[in-house]
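**Student:** Quick one: structure below, then a few questions.
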Amino acid sequence: AQSVTQLGSHVSVSEGALVLLRCNYSSSVPPYLFWYVQYPNQGLQLLLKYTSAATLVKGINGFEAEFKKSETSFHLTKPSAHMSDAAEYFCAVSDIGDYKLSFGAGTTVTVRA
Amino acid sequence: NAGVTQTPKFQVLKTGQSMTLQCAQDMNHEYMSWYRQDPGMGLRLIHYSVGAGITDQGEVPNGYNVSRSTTEDFPLRLLSAAPSQTSVYFCASSYEAGRTGELFFGEGSRLTVL
Chain A
5 AQSVTQLGSH VSVSEGALVL LRCNYSSSVP PYLFWYVQYP NQGLQLLLKY
55 TSAATLVKGI NGFEAEFKKS ETSFHLTKPS AHMSDAAEYF CAVSDIGDYK
105 LSFGAGTTVT VRA
Chain B
42 NAGVTQTPKF QVLKTGQSMT LQCAQDMNHE YMSWYRQDPG MGLRLIHYSV
92 GAGITDQGEV PNGYNVSRST TEDFPLRLLS AAPSQTSVYF CASSYEAGRT
142 GELFFGEGSR LTVL
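Same order as they appear, the protein sequences are chains A and B. Quick note on numbering: our numbering labels position 70 of the first sequence as 74, and the sequence is numbered without any gaps. Quick note on numbering: our numbering labels position 65 of the second sequence as 106, and the sequence is numbered without any gaps.
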């Protein structure tokens, strides 16, 4: 089964600074990859997804992620953090053709004024 | 558009009690699933369904039952609650059986077992 590892359970950035959240997947066969965001006391919502098309994927709220097969990575970035980006972010993976989505442990982002 | 609706939002049980967490979606999604969220562990799949009458186990199914009699509803039953089942539970659905599509989540049900 596929799995993902998120490096860093907490990230603190200044408003306007770069946001970088790291995610590595386990398989040698490129899977489908996702980033979800969870705001306090809410369910998760999709930020972006990679399904074997373009390796640079753009999502909502100015986020983007790059699929790098050689590094088995799918890191999430945003050039300039906003206070509203404070949330928990989850990387997720599924095998092609599989129904099940496996989530990483999550990274909590704090934005400092 | 209601999306995915979970009830109740909060529940406190005593060890050994049973209860059902309700999940309903109005998007005609074939795929529905239940996850539990625990600090530092992300979300773990409990059970899922790819259509009415079809269910299967996820990563952590022990102590939970599900059924899918209609496309809209996917209840999660705790047979005999244990403190280890204290968690936040999320129901999610998808129009592409979760393979390349987006999972739509409910707002969660916070369960405490004493």
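Positions of the beta carbon are idealized from the N, C-alpha and C atoms, including for glycine. Nothing here was measured: the structure is a model prediction, and the numbers come from that model.
Could you have a look at B:Lys159 and say whether DSSP puts it in helix, strand or coil?
**Tutor:** It is not possible to answer for residue 159 of chain B, since the shown part of chain B is limited to 42 through 155.
**Student:** Along the region 94-107 of chain A, where does the CB come closer than 7 Å to a CB of chain B? Name the residues.
**Tutor:** Answer in chain order: Phe94, Ser98, Gly101, Asp102, Tyr103, Lys104, Leu105 and Phe107.
**Student:** Please check if any C-beta of chain B sits within less than 9 Å of the C-beta of A:Gln46.
**Tutor:** yes
**Student:** Are the C-beta of B:Leu144 and some C-beta of chain A separated by less than 9 Å?
**Tutor:** yes
**Student:** Exposed or buried, which one is B:Asp67 when buried takes at least 16 other CB atoms within 10 Å?
**Tutor:** exposed
**Student:** Of all the residues that make up the region 86-97 of chain B, which are near chain A by a beta-carbon distance shorter than 7 Å?
**Tutor:** Leu86, Tyr89 and Val91
**Student:** Measure the Cβ-Cβ separation of B:Lys55 and B:Ala122 and say whether it is below 9 Å.
**Tutor:** yes
**Student:** Is the shortest distance between the beta-carbon of B:Phe115 and the beta-carbons of chain A less than 9 Å?
**Tutor:** no
**Student:** Quick one, are the C-beta atoms of A:Cys27 and A:Val41 less than 9 Å apart?
**Tutor:** no
**Student:** Does DSSP put B:Met73 in a helix, in a strand, or in coil?
**Tutor:** Of the three classes helix, strand and coil, the one that applies to B:Met73 here is strand, per DSSP.
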